[in-house]
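Below is one structure, written out as C-alpha cells, with a few remarks after it.
Protein chains: 2
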Amino acid sequence: MSELIYVGVDLGGTAIKVGICDQEGRLLHTYEGPTETDKGVDVVIDNIEKYVRHIIEQSPYTWDQLVGVGAGVAGFTNVKEGVIILAPNIGFRDVPIREILEERFVKPVKIDNDANVAALGEAWSGAGRGIDNCVCYTLGTGVGGGIIINGKIYQGFSGLAGEIGHIAVVPDLEAIQCGCGKKGCVETVSSATGIIRMAKDAVERGDRTTLLTVEKMTAKEVFDAAKAGDEVAARIVNRAAFYLAKSMSAVAAVLNPEVFILGGGVANAGDILFNEVREVYAKFTPEPLQRGVSVLPAQLGNDAGIVGAAGLHLRS
Amino acid sequence: MSELIYVGVDLGGTAIKVGICDQEGRLLHTYEGPTETDKGVDVVIDNIEKYVRHIIEQSPYTWDQLVGVGAGVAGFTNVKEGVIILAPNIGFRDVPIREILEERFVKPVKIDNDANVAALGEAWSGAGRGIDNCVCYTLGTGVGGGIIINGKIYQGFSGLAGEIGHIAVVPDLEAIQCGCGKKGCVETVSSATGIIRMAKDAVERGDRTTLLTVEKMTAKEVFDAAKAGDEVAARIVNRAAFYLAKSMSAVAAVLNPEVFILGGGVANAGDILFNEVREVYAKFTPEPLQRGVSVLPAQLGNDAGIVGAAGLHLRS
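Sequence lines, in order, name chains L and B. Sequential numbering from 18 applies to the first sequence in our numbering. Sequential numbering from 18 applies to the second sequence in our numbering.
Structure follows, in C-alpha cells:
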C-alpha cells in the first residue's frame, strides 16, 4: 500500500486514543492506552510515543507512509508554537509538545484544543463532509466550539475564535456566573453542567417532577424524564435549547455558516433537543440567514477528536 | 509611471463617486458625478462608464495601468455572479453589472455591498492597515458590517456574513421590530435611526430634556445635547453604546478579531460613544478576548467605499 496516512492523538486525562486516517479522513485503525497522568509529564509523553509507534506497527502501513501526527487536548494551546500552555486534566503546563514529539518521530507534529479538533473531524469526514464553512458546538461539561472556514480551523487573532460557549445570551436578571468570569454565557445553561444545575434547583425548591437523584444526577436523566412526560424536565431541556439557539442566531449573523453541527453528550438527547433548537433558531434569525442552513447532529461521536487531530496536517 | 492602479466606484442614489488607488490602497484621485437614477438603469450604467474613463483620462495614468474596476452598492449583491440583485436607492433589480461593465471596459470588474467594501477599505488602508483580522461596523441609517479574515472580505455560505446589525441583543421585554423582520437587533438601537427614535420617544413622553426638534431630528443633535450635559440625551447615547458593545462581545466570542472598527455617521460622535463602548465591551467579554484587542474609529470617512471597491481586485 503506497497511500499516505495521518495519525491523530486524543490526549485525555484517563486514556490516550490514537488512530490512523487516510487522506479522506476515514478512520482505519484505533488504539487506546492509559495516560498515566499520575506518573508525570515525561511518562505521558513516553506513552504517546509508544502508542503511536504501536498502532503503525500493528497496521498494514509503514512509518514512511505517515505524513504527520496531530494531537488534540482539553486546555489552552499555542497552536503556532506547538505548546500546551495549560491542560489541567493531564497536568501539563507550558509543555513544548510539538518540539518534543517531532524529535522523537522525525515527522511533523501539530496540536490544537479538543473543541477545535472535534470540529475539524466533523467537518472533514463527519456531519460536515463536503461543506466548506461550518460551526460546531461541543455540548459537554462546558460548551466548546470550533469555526471551520474554507475547510480549515479558524483561530482568530489570539487563537480564541470559536469560544462560542461564552456568547452572553441569558438576560441579566436570570444570568448566573460562568467559569469564564462573566455572566449569562450559553455555557451556563446549555452544557451538561448547566442542565444538571437547573434540575437540582428544581428538585431542591420542590417542583413537581419525577427527577429525584440530587447527588449524582446526569443530563441524560433530565432528557429521559422530559421524554417520559415530566414537565419540569421538559422546561429545563427547552431552556437549554432556547439559549443554545439564540447563540446560534448570533453566530449566523456574524459568519453565515452553511451547517451547524451539535456534538457532545448533550447532543445525544436527539430530537427533543434538535426540534426545539431548530424552532427557536428560526424564530430569532432573519429569514435569509435560515435559507439553506442546516442544524445537524455530529456523526463521529468520541472519534471526532482523533480524526480531527489527524486532519490537522491537511486542514490547518 | 508604470505602477498598477485600481479604480473604485461608490454607486450611490445621488452621486457616483470614483477614485484611483495604488497597490497600497492610497487614494490618488477622485471624481464625482450625478447618478441620474430617475433616467433609468441604462443611463446610470453609461454614467459609471463615463466617470471611470474620465478619471483615468484626467490622471497621469494610462488605461493599460488599470488592473480592474470594483464597485460597491447599497443593496443585495451576488458577488460570485457579479449581479446587483436589489438596490432600491438606484432602482437596480437583477442587473448583471459585472458582465455589462467588463464588456465596456475590457477589464475585470468586481462588486460587493457597501458595508463590505467600506470594511475592506478600512482594513486595506484605514484604521485596520496591517491587521489581518478585523470586524467593521458601519453605524448609519442601519447597522452594516464587514468581516475581514486574512485581509479579505469573508462572505459566508450565501454572502450574508457580517450582517452583525442583526445580532439580537435587546431583551425581549424592551425589543422593538427590526426591518429584517425580527426583534431586538442591535440595528434598532445603535443606528442613527434608532437613536433618533429613542430621542423622539423621550420628547413625546415629556422627559426633561433640551432635545426639541421632533420633526427633523438628527443623531448628531442627540450626541451634542449629551455632550452639553443633557441627561436624557446621555442615557440614549449610553443605550446605543451598550447594545453595540454587547453585540461586539458576541462577535469576539465567535471570531476573536484583533480590531473592531466603528464607522458611519454615528461613530463621528467620538469619545462620548467610544468610551462607553469600550467600558461595556470590557464588562461583558471574557478577559482573554479583550487582551490586545482594540476598538478604533474608522479613518477613511466617506472614501472607505471607493477605496474598498478598488481593493476588491487585490483582496477578495
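Positions of the beta carbon are idealized from the N, C-alpha and C atoms, including for glycine.
Close beta carbons around residue i, own chain, < 7 Å, minus the five adjacent residues each side
| i | result |
| --- | --- |
| Val86/L | Val24, Val26, Val69, Leu118, Phe122, Lys124, Val126 |
| His71/B | Tyr48 |
| Thr54/L | Gly30, Val61, Ile107, Gly108 |
| Leu83/B | Ile22, Val24, Ile73, Lys124 |
| Trp80/L | Ile73 |
Min CB distance residue i to chain B below 9 Å
| i | result |
| --- | --- |
| Leu306/L | yes |
| Gln82/L | no |
| Leu177/L | yes |
| Gly168/L | no |
| Pro188/L | yes |
| Ser264/L | yes |
| Glu275/L | yes |
| Cys197/L | yes |
| Gln40/L | no |
| Ala267/L | yes |
| Val90/L | no |
| Val310/L | yes |
| Asp320/L | no |
Test: residue i CB closer than 9 Å to a CB of chain L
| i | result |
| --- | --- |
| Ile333/B | The sequence as given places Ser at residue 333/B; Ile does not occur at that position. Closer than 9 Å: no. |
| Ala270/B | yes |
| Glu53/B | no |
| Asn133/B | no |
| Ile164/B | yes |
| Ala243/B | no |
| Pro303/B | yes |
| His330/B | no |
| Gln172/B | yes |
| His183/B | yes |
| Glu98/B | no |
| Asp111/B | no |
| Glu180/B | yes |
| Asp149/B | yes |
Beta-carbon gap between residue i and residue j smaller than 9 Å
| i | j | result |
| --- | --- | --- |
| Ile65/L | Val96/L | no |
| Val336/L | Val206/L | Outside the shown range of chain L, which is 18 to 333, sits residue 336/L, and nothing can be said about it. |
| Ala135/L | Gly89/L | yes |
| Val279/B | Ser208/B | Reading off the sequence, residue 279/B comes out as Leu, not Val. Going by C-beta atoms, Leu279/B is not nearer than 9 Å to Ser208/B. |
| Thr94/L | Gly176/L | yes |
| Ala236/B | Val160/B | no |
| Ala267/L | Ala132/B | no |
| Ala251/L | Leu228/L | no |
| Ser333/L | Ile170/L | yes |
| Gly281/L | Ala315/L | yes |
| Leu331/B | Gln40/B | yes |
| Leu44/L | Asp320/L | yes |
Sequence-distant residues of its chain with Cβ nearer than 8 Å to residue i (five each side left out)
| i | result |
| --- | --- |
| Asn167/L | Asp149, Asn150 |
| Pro51/B | Thr31, Ala32, Ile33, Asn64 |
| Ala299/B | Gln307 |
| Thr158/L | Ser208, Ala209, Thr210 |
| Arg115/B | Glu98, Gly99, Val100, Val126, Lys127, Ile128 |
Residues of its chain near residue i, where Cβ-Cβ distance is below 6 Å and the 5 sequence neighbours each way are ignored
| i | result |
| --- | --- |
| Phe277/L | Val152, Met265, Val312 |
| Gly198/B | none |
| Pro274/L | Asn150, Cys151, Val152 |
| Phe259/L | Val297 |
| Glu293/L | Asn255, Ala258 |
| Val249/B | Ala219, Asp224, Thr226 |
| Tyr78/B | Ile22 |
DSSP beta-bridge partners of residue i
| i | result |
| --- | --- |
| Pro51/B | Ala32/B |
| Gln316/L | Its beta-bridge partners do not exist; DSSP assigns none. |
| Lys263/L | Answer by DSSP bridge pairing: none, since Lys263/L is not bridged. |
| Lys127/B | Gly87/B |
| Thr235/L | Thr235/L is not bridged to any residue. |
| His46/L | Ile37/L |
| Arg17/L | Lying before the first or after the last residue shown, residue 17/L is absent from chain L, which here runs from 18 to 333. |
| Gly162/B | Tyr154/B |
| Ala185/B | Cys202/B |
| Thr94/L | Ile101/L |
| Ser76/L | Partner(s): none; Ser76/L has no beta bridge. |
| Ile22/B | Leu83/B |
| Lys9/B | Absent from the structure is residue 9/B, since the part of chain B shown begins at 18 and ends at 333. |
| Lys169/B | Ile166/B |
At least 3 beta-carbon pairs within less than 8 Å: the stretch 88 to 103 of chain L vs the stretch 50 to 64 of chain L: no
Given 8 Å, three or more beta-carbon pairs between the stretch 183 to 194 of chain L and the stretch 135 to 147 of chain L: no
Is the stretch 166 to 185 of chain B touching the stretch 284 to 295 of chain L, taking contact as three or more C-beta pairs under 8 Å? no
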